[in-house]
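A.B. asks: Following UniProt numbering, the numbering of the sequence shown begins with 1 at its first residue and continues without gaps. Below is a structure I'd like to ask you about.
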Amino acid sequence: MTILVTGGAGYIGSHTVLYLKEKGLDVVVLDSLQKGHREAVLNAPLYTGQLKDEAVLDEIFQKHAIEAVVHFAADSLVGESVQDPLKYYENNVGGTLNLLEKMVHYGVLRIVFSSTAAVYGEPESIPIQETDQTAPTNPYGETKLAIEKMLKWSDQAYGLKSVCLRYFNAAGADPQAKIGEDHQPESHLIPIVLQAALGQRDKIAIFGDDYPTEDGSCVRDYIHVMDLAQAHYLALKKLAATNESGIYNLGSGKGFSVQEVIDTCRKVTGREIKADVSPRRPGDPAVLIASSHRAEEKLGWKPEYTELDEIVAHAWQWHKQSPNGYKN
Ligand code: UDP
Numbered sequence: 001m002t003i004l005v006t007g008g009a010g011y012i013g014s015h016t017v018l019y020l021k022e023k024g025l026d027v028v029v030l031d032s033l034q035k036g037h038r039e040a041v042l043n044a045p046l047y048t049g050q051l052k053d054e055a056v057l058d059e060i061f062q063k064h065a066i067e068a069v070v071h072f073a074a075d076s077l078v079g080e081s082v083q084d085p086l087k088y089y090e091n092n093v094g095g096t097l098n099l100l101e102k103m104v105h106y107g108v109l110r111i112v113f114s115s116t117a118a119v120y121g122e123p124e125s126i127p128i129q130e131t132d133q134t135a136p137t138n139p140y141g142e143t144k145l146a147i148e149k150m151l152k153w154s155d156q157a158y159g160l161k162s163v164c165l166r167y168f169n170a171a172g173a174d175p176q177a178k179i180g181e182d183h184q185p186e187s188h189l190i191p192i193v194l195q196a197a198l199g200q201r202d203k204i205a206i207f208g209d210d211y212p213t214e215d216g217s218c219v220r221d222y223i224h225v226m227d228l229a230q231a232h233y234l235a236l237k238k239l240a241a242t243n244e245s246g247i248y249n250l251g252s253g254k255g256f257s258v259q260e261v262i263d264t265c266r267k268v269t270g271r272e273i274k275a276d277v278s279p280r281r282p283g284d285p286a287v288l289i290a291s292s293h294r295a296e297e298k299l300g301w302k303p304e305y306t307e308l309d310e311i312v313a314h315a316w317q318w319h320k321q322s323p324n325g326y327k328n
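Here's what the structure looks like:
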């Protein structure tokens, strides 16, 4: 039996493929390679194609005995989604619709879905619980929430069982630095700060210092990408054992401000990193911190890399060794 990982050449997808392979599972990857990297897929067959490409989905489901799907493939830039919402509805919602139709057609009735904290929008209270209201503030979050709802109704109608994992801020890299984070262009805080440490950027812009937080910069919950990978493995096991659908937050339960992240990067790299304050980035909530008790209790999830220093150290290993990402 084989697991199909869509978007398995992307950042979180490729780390999950690595983890699933380490656990002895058979994995097949489907990725458009528009954002993903062929080199990030270690020891698994890679099909290049989009979710709207019916022929490639048919080929995979006909050739491999797919037991379950782990579904990452999506566009995921908040700013771009505001500029071009229909692209997000087409690729994320439309793409997933095709995938689910094929799954139902081929009788593959288990999926682990890559969702996001962006489904909550401006939080009601901290830490955020899965039962809190969902009110996305951008099309990216809306498309992820629309897919969660598609999954809920597909469970009821077709018995398609799903686990939706709402990630907070994915960070870090494979502790052996075989693979890591490589977005073009980069928009995430930790890799941007490490690019400044490498001299690839003059300085880092802190987006706002007048938020109602201790030092005025935004607070986020950073979670190691291999711990996210572990949760996907546990979700697959849970689906196989119980056939129970569910929605789970994945975060560390701890918050760090932008200023604290920069300080940690200075400490870990030993390099000077210049920073100055820029205007707020539109749509940024002041504080996002997860409650992940449900994942701990129901999935048996136990994050392994819980210190920010360690998360940054793994990211730094990868960035130092591969300053140009997979282009080295
Ligand atoms: N951030 C920043 N400067 C940057 C990039 C990000 O101050 O160059 C801030 C951003 O405003 C947010 C936090 O860092 O408060 C994390 O941003 P990221 O884009 O990594 O993740 P997000 O929380 O938006 O998913």
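Beta carbons are placed, not taken as given, at the ideal position from N, Cα and C, and that holds for glycine.
(1) Given the structure, does Ile311 come close to the ligand UDP, in the sense that its CB is under 7 Å from one of the ligand's heavy atoms?
(2) Under DSSP, the beta strand (DSSP E) around Lys149 begins and ends at which residues?
(3) Measuring only the C-alpha atoms, how far is Tyr11 from Leu250?
(4) State the beta-bridge partners of Tyr47 as determined by DSSP.
(5) Here's a check: name, in chain order, each residue in its chain whose Cβ is nearer than 7 Å to the Cβ of Leu33, leaving out the five neighbours to either side.
(6) What is the residue span of the beta strand (DSSP E) that Thr2 lies within?
(7) What are the start and end residues of the alpha helix (DSSP H) that includes Tyr89?
(8) Measure from the alpha carbon of residue 357 to the alpha carbon of each residue in Val69, Asp174, Glu101, Phe207, then state which is nearest.
(9) Run the CB neighbour count on Asp327, radius 10 Å, all protein chains shown included, and call it buried at 16 or more, exposed below.
(10) Skipping 5 residues on each side, what residues in its chain have a beta carbon closer than 8 Å to that of Glu214?
(11) How would you label Asp210, buried or exposed, when you count the other beta carbons within 10 angstroms and need 16 or more for buried?
(12) Please report the distance separating the alpha-carbon of Ile192 from that of Asp75.
(13) Cα-Cα, which of Ala197, Leu20, Ala241 is closest to Lys298?
(14) To the nearest angstrom, how far is it from the Cα of Leu189 to the Cα of Asn43?
(15) For the ligand UDP, is there any heavy atom lying closer than 7 Å to the beta carbon of Cys265?
(16) Using the three-state DSSP reduction, which class does Cys265 fall into: helix, strand or coil?
(17) According to DSSP, what are the bridge partners of Val17?
(18) The beta strand (DSSP E) spanning His224 covers which residue range?
(19) Regarding Phe256 and the ligand UDP, is the C-beta to nearest heavy atom distance less than 7 Å?
(20) Between which two residues does the alpha helix (DSSP H) containing Lys320 stretch?
(21) Nearest to Gln259 by CA position, among Gly253, Val277, Gly246, is which residue?
C.D. replies: The answer reads as follows:
(1) False, no ligand heavy atom lies under 7 Å from that Cβ.
(2) Membership of Lys149 in any beta strand (DSSP E) is not indicated; the residue belongs instead to the alpha helix (DSSP H) covering 139–158.
(3) If you take the alpha carbons of Tyr11 and Leu250, they lie about 16 Å apart.
(4) Tyr47 is bridged to Leu30.
(5) Counting only Cβ-Cβ distances below 7 Å, and skipping sequence neighbours, we find Ala9, Thr48.
(6) That run of the beta strand (DSSP E) goes 2–6.
(7) Segment: none, Tyr89 is in no alpha helix (DSSP H) and carries neither H nor E.
(8) Outside the displayed span of the chain (1 to 328) sits residue 357, for which this structure offers no information.
(9) Checking the sequence shown, residue 327 turns out to be Lys, not Asp. In summary, Lys327 is exposed, with fewer than 16 beta-carbon neighbours lying within 10 Å of its beta-carbon over all protein chains present.
(10) If we look at Glu214 and ignore the five residues flanking it on each side, its Cβ neighbours are Ser257.
(11) Asp210 comes out exposed.
(12) Answer to the nearest angstrom: the Cα atoms are 20 Å apart.
(13) When the alpha-carbon of Lys298 is set against those of Ala197, Leu20, Ala241, the nearest one is in Ala241.
(14) In a straight line, the C-alpha of Leu189 is about 30 Å away from that of Asn43.
(15) No, since every heavy atom of the ligand UDP falls outside the 7 Å radius drawn around the Cβ of Cys265.
(16) Cys265 falls in the helix class under three-state DSSP.
(17) According to DSSP, which records beta bridges pairwise, Val17 is partnered with nothing at all.
(18) Counting along the chain, the beta strand (DSSP E) containing His224 begins and ends at 222–224.
(19) Checking every heavy atom of the ligand UDP against the Cβ of Phe256, none is found closer than 7 Å.
(20) In the DSSP annotation of this structure, the continuous segment of the alpha helix (DSSP H) that includes Lys320 starts and ends at 308–321.
(21) Looking at the Cα atoms, Val277 is the closest of the given residues.
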